[in-house]
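So the structure is just underneath, and the comments pick up after that.
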Amino acid sequence: MPRLERRPQPSARWTWLAPPLAVLVTMVAGGALFAALGENPFEAIRTIFWDPLFGEFAFYYRPQLLVKAAPLILIAIGLSLGFRAGIWNIGAEGQYIIGAITGAGAGLAFYPMEGWFIFPIMIVAGALGGFVWGMIPAILRARFGTNEILVSLMLVYVAEQLLAKMALGLLRNPEGRGFPGSRNLQHYPSAHNAELVANTGIHWGVVAALIAVIFAYVLLTRHLLGYQIKLAGQAPRAARFAGVNPARLVLICLGLSGALAGLAGMFEVAGPAGQITIDFNVGYGFTAIIVAFLGRLHPVGILLAGLLMALTYIGGEAASSTMQLPMAAIQIFQGMLLFFLLAVDVLTNYRVRARKTEVAP
Amino acid sequence: MSLSSIDATLLLASLIVAATPILLAALGELVVERAGVLNLGVEGMMITGAICGFAIAVQTGSPLVGFVAAAAGGAALALLFALLTQVALANQVASGLALTLFGLGLSALLGQGYVGIKPPPTARLDLGPLSDLPFVGRVLFSHDPVVYVALALVGAVWAFLKYSRAGLILRAVGENHDAAHALGYKVVRVRILAILFGGACAGLGGAYISLVRVPQWTEGMTSGAGWIALALVVFASWKAGRVLLGAWLFGGVTVLQLNLQAAGAAIPVEYLSMSPYLITIVVLVIMSFDKSRAPGSLGRIFHASQ
Numbered sequence: 001m002p003r004l005e006r007r008p009q010p011s012a013r014w015t016w017l018a019p020p021l022a023v024l025v026t027m028v029a030g031g032a033l034f035a036a037l038g039e040n041p042f043e044a045i046r047t048i049f050w051d052p053l054f055g056e057f058a059f060y061y062r063p064q065l066l067v068k069a070a071p072l073i074l075i076a077i078g079l080s081l082g083f084r085a086g087i088w089n090i091g092a093e094g095q096y097i098i099g100a101i102t103g104a105g106a107g108l109a110f111y112p113m114e115g116w117f118i119f120p121i122m123i124v125a126g127a128l129g130g131f132v133w134g135m136i137p138a139i140l141r142a143r144f145g146t147n148e149i150l151v152s153l154m155l156v157y158v159a160e161q162l163l164a165k166m167a168l169g170l171l172r173n174p175e176g177r178g179f180p181g182s183r184n185l186q187h188y189p190s191a192h193n194a195e196l197v198a199n200t201g202i203h204w205g206v207v208a209a210l211i212a213v214i215f216a217y218v219l220l221t222r223h224l225l226g227y228q229i230k231l232a233g234q235a236p237r238a239a240r241f242a243g244v245n246p247a248r249l250v251l252i253c254l255g256l257s258g259a260l261a262g263l264a265g266m267f268e269v270a271g272p273a274g275q276i277t278i279d280f281n282v283g284y285g286f287t288a289i290i291v292a293f294l295g296r297l298h299p300v301g302i303l304l305a306g307l308l309m310a311l312t313y314i315g316g317e318a319a320s321s322t323m324q325l326p327m328a329a330i331q332i333f334q335g336m337l338l339f340f341l342l343a344v345d346v347l348t349n350y351r352v353r354a355r356k357t358e359v360a361p
Numbered sequence: 001m002s003l004s005s006i007d008a009t010l011l012l013a014s015l016i017v018a019a020t021p022i023l024l025a026a027l028g029e030l031v032v033e034r035a036g037v038l039n040l041g042v043e044g045m046m047i048t049g050a051i052c053g054f055a056i057a058v059q060t061g062s063p064l065v066g067f068v069a070a071a072a073g074g075a076a077l078a079l080l081f082a083l084l085t086q087v088a089l090a091n092q093v094a095s096g097l098a099l100t101l102f103g104l105g106l107s108a109l110l111g112q113g114y115v116g117i118k119p120p121p122t123a124r125l126d127l128g129p130l131s132d133l134p135f136v137g138r139v140l141f142s143h144d145p146v147v148y149v150a151l152a153l154v155g156a157v158w159a160f161l162k163y164s165r166a167g168l169i170l171r172a173v174g175e176n177h178d179a180a181h182a183l184g185y186k187v188v189r190v191r192i193l194a195i196l197f198g199g200a201c202a203g204l205g206g207a208y209i210s211l212v213r214v215p216q217w218t219e220g221m222t223s224g225a226g227w228i229a230l231a232l233v234v235f236a237s238w239k240a241g242r243v244l245l246g247a248w249l250f251g252g253v254t255v256l257q258l259n260l261q262a263a264g265a266a267i268p269v270e271y272l273s274m275s276p277y278l279i280t281i282v283v284l285v286i287m288s289f290d291k292s293r294a295p296g297s298l299g300r301i302f303h304a305s306q
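Which chain is which? The protein sequence lines are A and B, in order.
Per the working numbering, the first sequence starts with residue 1, numbered consecutively.
Per the working numbering, the second sequence starts with residue 1, numbered consecutively.
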């Protein structure tokens, strides 16, 4: 069996080579999976990865790419800050839901008034909602040392129940003939997160995602806080000596990622989704975890990873409609991607050496 | 609403049933964490066990074969985690999350043909005169065999960790893997075995949900039970006996809120459904005052050359 030898420093080359290699291995394994399901693997891979961009119906799918990538990138950027510092917010799905509820709620409170100020208020409300939801595990961790992984995750289930309650109760469309779900914000011009440039899929959420990428890049490379985040993750003891306040870092990282997830939820509900419904959330908060890792917790990497993951969503939908491939197969595909990335990563941190015969001195 | 419509005997009996899946999963995770490994993939292994058990039970008509298949399915998924974290030395938190995401997808795919089917019923164990006792017989002695397997497992895990040599080695590996390695114990081998055991237990717990508790298959039906099991291990301060206590507490909360829903309580259904999760958070906060510690090497990567 070959031996692993720890590298003094992670290999810079493998840091960048690992994600594409993982994608490649996933395509092979995914192809095998599709073959096992009785589909032509080459056709399936082409339907998922090629046709949405360059195929016959690309004009329909391309805008969808940005629509799906925006929330993933927005959430993943927030998560990556915490993950770098060893703070594990895995409840982004909950913060996303709460951001959507508060964002939509703020907009609907003004209905049917029109005004330029309504949409900005919704943005603030959405970010604030996600922020508050993220602060719950943050304060509990900072004050009592409670495990933030479990608390943030439990809050996802709480948020889902709250979403159901809102869709059936407080936010239900009074003119909806008793059906669950809020008014459609797409029909309320002041609150509608409309396409900014026709047929591109670019809405305010896409703009926000790009700003978040730049902001995170500057933060991590140019700002003291970014340095502290990296230091706390790589050498917690050294960080303590350097005067980094761990509690403060927890509050900042969870608060920021909560606010960004809340923003993503708000842009989604005001734009592509349109209304608060019981099954409004589709797991972006969890997929964003894969995006963050696939992007190496680096803002530019996350941008690319988010686009790729959005492609699997769209390609998955295309494959399920044209080839009757189950959507669950795409979920497996995304899970496999993270698996293979983690496995390939061994090459980043370790050298593989053939086992030498040990000779007594 | 009338509280009198809630029958205490039935409540306690269903409490034990509701506690069994999380009890099984938490016991497995307890052993894994005592070996120094944090496997956050419990939810994924449970749901995989749930569909493996359900599918095989429906195919063969035997719940017993189903439960065996569920344990195998959970262990197979756990093997992936073991390969990632013990051989490829990947981050345990990330690998556990990957396992959960993968398990949820896999189960949804496997379960496509099984929605709306009823599984073969799991027979109750007839304990003769014990089952006929008033109250106690109904609460304690008229369940299916898995309930008793889970209870026996509590004792077995407790005795294993406290009195057996293998249990001592497992704890040594979990407390300080470098020292255990220096003493000549096979750290990686012990951990892989612990992870497989944890997977098998989680698989059993999942199958208990799909074969006995619900009993049918729906996508994502474990709905956080795996995460509650993880919280339970923290609640129990890594002690087997307290896992049982915690499981009954959560089982009690779940059953009580379901009964309140059925009795038409004034509290909206959604708020009642939140309660098990909220109580988990409250319990986690209370337990974080208890500084009796986690295993020393929990979540750390072991690499022999250091």
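Beta carbons are placed, not taken as given, at the ideal position from N, Cα and C, and that holds for glycine.
Every value quoted in this text rests on a predicted model; they were computed, and no experiment measured them.
When DSSP labels each residue in this structure, what does Val352 of chain A get in the three-state scheme?
strand
Please check the pair Gly41 of chain B and Leu99 of chain B, which I expect to be a contact at CB under 8 Å, by giving their CB distance rounded to whole angstroms.
3 Å
Checking contacts by CB at 7 Å: is Ala12 of chain A closer than that to chain B?
no
Pull out every residue of the segment 40-67 of chain B whose Cβ sits closer than 8 Å to any Cβ of chain A, in chain order.
Leu40
Residues bridged to Arg6 of chain A [DSSP beta-bridge criterion]
A:Tyr350
Taking only the alpha-carbon atoms, compute the straight-line gap between Leu170 of chain A and Ile276 of chain A and give it to the nearest angstrom.
11 Å
Kindly provide the ranges of any alpha helix (DSSP H) runs that are 4 or more residues long and lie completely inside the segment 125-182 of chain A, ordered along the chain.
148-168
Taking three-plus beta-carbon pairs below 8 Å as touching, is the segment 200-217 of chain A in contact with the segment 294-303 of chain A?
yes
7 Å is my cut-off, CB to CB: does Gln161 of chain A come that close to chain B?
yes
Three-state secondary structure assigned by DSSP to Asn259 of chain B:
helix
Taking CB distances under 7 Å as the criterion, tell me whether Leu150 of chain A reaches chain B.
yes
Report, in whole angstroms, the separation of the C-beta atoms of Gly53 of chain B and Ser223 of chain B, which I expect to be a contact under 8 Å.
Gly53 of chain B to Ser223 of chain B, Cβ: 17 Å. No contact.
Is there a Cβ from chain A that is less than 7 Å from the Cβ of Met221 of chain B?
no
Give the secondary structure of Leu298 of chain B by DSSP, where H, G and I count as helix, E and B as strand, and everything else as coil.
coil
Within the 7 Å Cβ cut-off, does Ser14 of chain B reach chain A?
no
Runs of 4 residues minimum, wholly inside the segment 200-264 of chain B: which ones carry the alpha helix (DSSP H) assignment?
225-235 and 240-262
With 7 Å as the threshold, decide whether the Cβ of Ala18 of chain A is near any Cβ in chain B.
no
Residue range of the alpha helix (DSSP H) that includes Pro41 of chain A:
Pro41 to Phe49
My parser needs the alpha helix (DSSP H) runs of 4 or more residues fully inside the segment 207-278 of chain A; what are they?
224-234, 236-241 and 246-270
For Ser152 of chain A, count neighbouring C-beta atoms within 10 Å of its own C-beta (all shown protein chains included) and say buried if the count is 16 or more, exposed if not.
buried
State yes or no: is the C-beta of Ile75 of chain A within less than 7 Å of the C-beta of Ala261 of chain A?
yes
Close Cβ partners of Gln306 of chain B (< 8 Å) along its chain, the five nearest in sequence each way excluded:
With a pLDDT of only 49 at Gln306 of chain B, under 50, the local geometry of the prediction cannot be trusted, and the value read off the model is given with reservation. Around Gln306 of chain B: Asp178.
Looking at the secondary structure, which residues open and close the alpha helix (DSSP H) in which Val282 of chain B lies?
Val269 to Met287
Selected residue, minimal CA-CA separation from Thr122 of chain B, among B:Phe81, B:Pro215, B:Gly205 and B:Ala88:
B:Pro215
Members of the segment 198-232 of chain B that neighbour chain A once the beta carbon cut-off is set at 9 Å:
Glu219, Ser223, Gly224, Trp227, Ile228, Leu230 and Ala231
Between Ala198 of chain A and the ligand NAD, is the CB less than 6 Å from at least one heavy atom?
Absence of the ligand NAD from the depicted structure is noted, as is the absence of any ligand whatsoever, leaving it without description.
Determine, using beta carbons only, whether Phe280 of chain A comes closer than 7 Å to chain B.
no
Among the residues of its own chain, which have a CB less than 6 Å from the CB of Ile169 of chain B, if the five just before and after it don't count?
Tyr185
Under 7 Å between C-beta atoms, does Gly105 of chain B make it to chain A?
yes
Terminal residues of the alpha helix (DSSP H) in which Pro129 of chain B lies:
Pro129 to Asp132
I'd like to know whether the C-beta of Met309 of chain A is nearer than 7 Å to at least one C-beta of chain B.
no
Applying the criterion that 16 or more other CB atoms from any shown protein chain within 10 Å of the CB defines a buried residue, is Leu33 of chain A buried or exposed?
buried
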